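Heads up: the sequence shown is residues 1 to 201, going by UniProt numbering. Ideal Cβ positions, reconstructed from N, Cα and C, are used throughout, including at glycine. These numbers come from a predicted model, not from an experiment. All remarks here apply to the structure that follows.
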Amino acid sequence: MDGTRIADVSDLSTDDTFLFRVRSVDENAVASGDAALRSDERTADAADERAADDTDPATETDGGETSATNDDGIAMPDDMQDDDDDVREAILLQLGGEDDDAEAVVGWLNYCQHMTHIKLDKGSGAPVRDSEVICVNHGALFAADSGECTYGPCEGAFLNEIDVRVADDGVYLADEDFEYVGEGPVESDDDDLSSSSNVIL
């Protein structure tokens with residue numbers, strides 16, 4: 001567990017996300033937690049179904065590596081690798097509502113499960129409506145508390161969880177697979193070719 005303070009609870013909101021960066025400490029690690037396990041299990045089930053149909057879910061890339069794909073549009077763990085020393089973007093969201101703990105905070109890797117090159121938070125906070133994080137590119141909705149896609153092209157998939165804990169009015173990284181890098185987006189020289197929005201909020 002890194003244990004690094006990511007943010008003050010007072011810096012978080014229930015209507016948008018807080019963007020930060022993490023680095024994988026294990027080259028085979030993608031995410032941890034129950035939501036990631038459910039996402040990986042569903043992905044594995046889809047791969048098993050394709051294998052039964054004598055199709056190969058792995059395709060060779062230019063570098064000789066294989067990358068699993070999923071015809072259902074669900075993100076595969078290898079798709080979420082960044083080339084910058086395994087630095088990835090993640091988001092924090094404070095859960096709100098009458099039944100929620102005032103200090104309940106969740107963390108997710110900052111990738112839509114439909115198309116993993118599309119980020120939920122593009123640098124100014126991902127929109128949240130009715131306790132669902134919105135992917136503005138294709139309208140996918142993710143339940144803030146579980147990470148499950150409840151509507152859209154990746155319905156039934158789960159965001160990959162980053163374990164965090166709240167203590168002393170702060171949010172701390174509690175995930176053994178990642179170390180804290182810093183606040184804000186991963187810096188890149190590449191132009192973002194994705195559209196800024198296909199959804200009217």
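Legend entry - Between the CA atoms of residue 173 and residue 3 - distance to the nearest angstrom: 5 Å
Inset, instruction - Check whether the Cβ of residue 124 lies closer than 6 Å to any heavy atom of the ligand ADP, and answer yes or no. - result: Ligands in the displayed structure: none, and consequently the ligand ADP is not present.
Inset, instruction - Just list the beta strand (DSSP E) runs in the UniProt domain "Rieske" (100-173), keeping only unbroken ones of 3 residues or longer that don't cross its boundaries, in chain order. - result: 105-109, 132-134, 141-143, 149-151, 164-167 and 170-173, all fully within the UniProt domain "Rieske" (100-173).
Inset, instruction - Compute the distance between the beta-carbons of residue 20 and residue 90, then report whether it is under 7 Å. - result: A contact, by the Cβ cut-off of 7 Å.
Legend entry - Under the three-state DSSP convention, the category residue 9 falls into: Assigned with DSSP and collapsed to three states, residue 9 falls in helix.
Legend entry - Enclosing beta strand (DSSP E) for residue 181 [first to last residue]: 178-183
Inset, instruction - State the DSSP-derived secondary structure class of residue 15, mapped to helix, strand or coil. - result: coil
Legend entry - Residues that residue 87 bridges to, as DSSP identifies them: 23
Legend entry - Proximity of residue 171 and residue 105 at Cβ, strictly below 7 Å: yes
Inset, instruction - Would you list the one or two residues that DSSP bridges to residue 92? - result: Answer is 18 and 107.
Legend entry - residue 136 versus 125, 188 and 146, residue with shortest Cα-Cα distance: 125
Legend entry - Closest residue to residue 5 among 142, 150, 163 and 138 (Cα-Cα distance): 163
Inset, instruction - Return yes when the Cβ of residue 142 is within less than 7 Å of the Cβ of residue 276, no when it is not. - result: Coverage of the chain is limited to positions 1 through 201, which leaves residue 276 absent and any answer about it impossible.
Legend entry - Between the CA atoms of residue 138 and residue 161 - distance to the nearest angstrom: Computed Cα separation, rounded: 21 Å.
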